[in-house]
Amino acid sequence: MEFFEVVKRRRSIRCFQDKKVPEEYVKKILEAAFYSPSSRNRRPWHFIVVDEEELIKKLSKTRKALEFLETAPLAIVVCGDKEISSAWVFDVSIAAEHIQLAATALGLGACWGHILDRRHNEEKSAEEYVRELLGIPDHIRVLCVIGIGYPAEEKPPHSEKEVMWERVHRNKFGHNL
Ligand SMILES: Cc1cc2nc3c(=O)[nH]c(=O)nc-3n(C[C@H](O)[C@H](O)[C@H](O)COP(=O)(O)O)c2cc1C
4 MEFFEVVKRR RSIRCFQDKK VPEEYVKKIL EAAFYSPSSR NRRPWHFIVV DEEELIKKLS
64 KTRKALEFLE TAPLAIVVCG DKEISSAWVF DVSIAAEHIQ LAATALGLGA CWGHILDRRH
124 NEEKSAEEYV RELLGIPDHI RVLCVIGIGY PAEEKPPHSE KEVMWERVHR NKFGHNL
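Once you know that position 83 of the sequence shown is 86 in my numbering, the rest is easy, because the numbers rise by one and skip nothing.
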């Protein structure tokens, strides 16, 4: 798929078919993640590929906004090593987007489920819940979980109507393009 088609077609897909993602696609998606830019090229990423149904069900219970993971055959937990880079949030966010774009290019659907600075319940942060579930050490921070699979819902691609030209300034703020 051509680049502009991929970015237009990438939508948050939260319902998935009961069909596994081929291993070669999983590898391609991860490969795309590793081509991300990172601050000072520190590359602080860690990715946990979760394809065990029971574990995905438990991930879907992290918080309400992750319930969509229930039907996902694949979840990639996107993490960063805070000891490698203080800019890990930015680096890992970019990788998360590469993952979603790669999934789209392969005809899959994906959605970001947010973890960082969110709560599982009053006692536990969403990050602590995921950390305990997957045995993630303390210096590895958890940004989000990307649910991936063959789409079971259709969404229209993005269109030019969404482009906010009034938010674009030429040379000085407030000067139209
Ligand atoms: C930082 C970030 C956090 C998000 N967190 C969630 C989430 O926890 N659960 C969810 O269902 N969608 C989440 N989304 C997806 C957004 O809701 C979605 O991107 C937005 O509504 C635009 O729709 P689109 O992705 O189809 O263009 C998140 C997206 C981003 C970028």
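Glycine included, every Cβ here is placed at the ideal spot set by N, Cα and C.
Starting from residue i, follow the alpha helix (DSSP H) in both directions and report where the run begins and ends.
i: I118; result: First-last for I118: undefined, no H or E at that position.
i: A99; result: 91-108
i: V80; result: From DSSP, V80 is part of no alpha helix (DSSP H) but of the beta strand (DSSP E) over 77-84.
i: L33; result: 26-37
i: S63; result: 56-63
i: K127; result: Counting along the chain, K127 falls outside any alpha helix (DSSP H), and DSSP gives it neither H nor E.
i: F7; result: 6-12
Between which two residues does the beta strand (DSSP E) harbouring residue i extend?
i: V52; result: 48-53
i: L146; result: 143-152
Alpha carbon to alpha carbon, how far is residue j from residue i? Give it in angstroms, no decimals.
i: V92; j: G177; result: 30 Å
i: L104; j: I149; result: 11 Å
i: I79; j: V9; result: 20 Å
i: R134; j: M4; result: 36 Å
i: L69; j: L62; result: 7 Å
i: V145; j: I118; result: 7 Å
i: M167; j: K11; result: 15 Å
i: P140; j: N179; result: 49 Å
i: V53; j: H123; result: 19 Å
Which residues share a DSSP beta bridge with residue i?
i: F19; result: P154
Starting from the N-terminal end, write out each residue whose C-beta falls within a distance shorter than 5 Å of any non-hydrogen atom of ligand 1. With 5 Å as the limit, the residues whose C-beta approaches any heavy atom of ligand 1 more closely are R14, S15, A68, W115, G116, H117, in sequence along the chain.
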